[in-house]
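Numbering (UniProt numbering), first residue to last: 1 to 324.
C-beta atoms are modelled at their ideal positions from N, C-alpha and C, and glycine is treated no differently.
One structure is given here, and the rest of the page talks about it.
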């Protein structure tokens, strides 16, 4: 919380909560859950206990991303789902005002242009065999990268962020290849953003939104050291924003953990949760202040004397007036 300590949020009407519902998005004082069995959505205000079940849209292709945004000053909200496989992606929008889903709409692939002004796609030089992707570098070397190297928490399977700038809504999510997909809902198009690092260096990655800007947090290992960096995209170029001090990031080396991140704090802070699974259970929580450009580490959360370890992070602004 803003008091730099942990608050235990007691959920009301717990009898309505089912174990198969997993948190997938949040906005405007509301949390969005999705059933892992039926695919239906549940919108909930944890403070008041009010909730609404949404019928799942009919999918014929696998679901890729779920994003949520609140409209001001009406406090109405939108839920966006993106499904399909690249290059055939579609999206649908649920609007609380109409209490209905839109028709399925196709997204057109817009390819990036390389330095020779030729259209290119991150997959143009990629060959996939089984679970291994073979990349041909610009120097002509074949680089091998296993898809299993891209660590993702199950609770972040459909994680995405949505930004609204100049009346343009853009949803960003991670593809199964580890590339970042930018979906322009206004122009009904999408593009694959350029990779930040060579494929064999990318280890764990997550996206957050702060004050209308999309940031990428990337954990990588190289030369027996770990590096945790933050980037943002400006005019199709990646700008380096911050880096966890080496003395802190080195402690993450070799633990094969996953980072789970979220933006919050009035749009100027990024929370990074590092989770390593057995046999080496290891948890660390860091916060980066975008304004002060400073890192801090959060203490562990204790409830009734027992330490809790987090596997999912969502930005939540307590609002009693938020309605579903």
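Can you give me the start and stop residues for the alpha helix (DSSP H) that residue i sits inside?
i, result
"residue 247", "246–249"
Could you name the residues that DSSP lists as bridge partners for residue i?
i, result
"residue 92", "81"
"residue 65", "82"
"residue 51", "44"
"residue 215", "208, 232"
"residue 289", "269, 294"
"residue 302", "307"
"residue 320", "Per DSSP, none; premise fails for residue 320."
"residue 259", "274"
"residue 172", "161, 182"
"residue 70", "77"
"residue 264", "269"
Give every residue of the same chain whose Cβ lies closer than 6 Å to the Cβ of residue i, excluding the five residues on either side of it in the sequence, and list them in chain order.
i, result
"residue 317", "29"
"residue 122", "Here the model assigns residue 122 a pLDDT of 47, short of 50, so the residue's position is not dependable and the matter cannot be decided."
"residue 273", "260, 285, 310, 313"
"residue 68", "25, 27, 32, 79"
"residue 219", "203, 204, 228, 259"
"residue 184", "170"
Kindly indicate the opening and closing residues of the beta strand (DSSP E) around residue i.
i, result
"residue 35", "30–35"
"residue 231", "226–234"
"residue 27", "21–27"
"residue 237", "237–243"
"residue 313", "Segment: none, residue 313 is in no beta strand (DSSP E) and carries neither H nor E."
"residue 328", "Only positions 1 to 324 of the chain appear in this structure, which leaves residue 328 out of reach."
"residue 165", "160–165"
"residue 281", "Unbroken run through residue 281: none, as it is neither H nor E."
Keeping to the same chain, check which residues put their C-beta closer than 7 Å to that of residue i; ignore five residues upstream and five downstream.
i, result
"residue 320", "47, 48"
"residue 244", "228, 286, 295"
"residue 38", "56"
Would you tell me roughly how many angstroms separate the C-alpha atoms of residue i and residue j, rounded to the nearest one?
i, j, result
"residue 203", "residue 225", "13 Å"
"residue 169", "residue 282", "37 Å"
"residue 102", "residue 294", "43 Å"
"residue 165", "residue 305", "45 Å"
"residue 231", "residue 161", "15 Å"
"residue 3", "residue 271", "15 Å"
"residue 260", "residue 97", "32 Å"
"residue 323", "residue 77", "10 Å"
"residue 58", "residue 246", "47 Å"
"residue 307", "residue 19", "22 Å"
"residue 44", "residue 21", "12 Å"
"residue 303", "residue 23", "21 Å"
"residue 109", "residue 213", "22 Å"
"residue 15", "residue 177", "For residue 15, the predicted structure reports a pLDDT of 43, less than 50, and the residue's modelled location is therefore unreliable. The matter cannot be settled from this model."
"residue 190", "residue 66", "15 Å"
"residue 299", "residue 104", "45 Å"
"residue 345", "residue 92", "Outside the shown range of the chain (1 to 324) lies residue 345, about which nothing can therefore be said."
"residue 64", "residue 94", "16 Å"
"residue 71", "residue 163", "12 Å"
"residue 87", "residue 8", "43 Å"
"residue 89", "residue 107", "5 Å"
"residue 181", "residue 171", "8 Å"
"residue 217", "residue 239", "12 Å"
"residue 167", "residue 301", "40 Å"
Go through its chain and collect everything with a Cβ distance to residue i's Cβ below 8 Å, but skip five positions before and after it.
i, result
"residue 40", "34, 53, 54, 55, 56"
"residue 62", "83, 84, 85"
"residue 253", "221, 224, 225, 226"
"residue 75", "28, 321, 322, 323"
"residue 115", "Below a pLDDT of 50, predicted positions are generally treated as unreliable, and residue 115, at 43, falls in that range; the measurement from the model is reported next regardless. Closer than 8 Å at the Cβ level, and outside the excluded window around residue 115, lies no residue."
With a cut-off of 8 Å, does the C-beta of residue i fall near any C-beta of chain D?
i, result
"residue 228", "The question asks about chain D, but that chain is absent: this structure has only one protein chain."
At what residue ranges does the stretch 180–211 contain a whole run of the beta strand (DSSP E), taking only runs of 3 or more?
Complete beta strand (DSSP E) runs here, min 3: 180–184, 189–192, 202–210.
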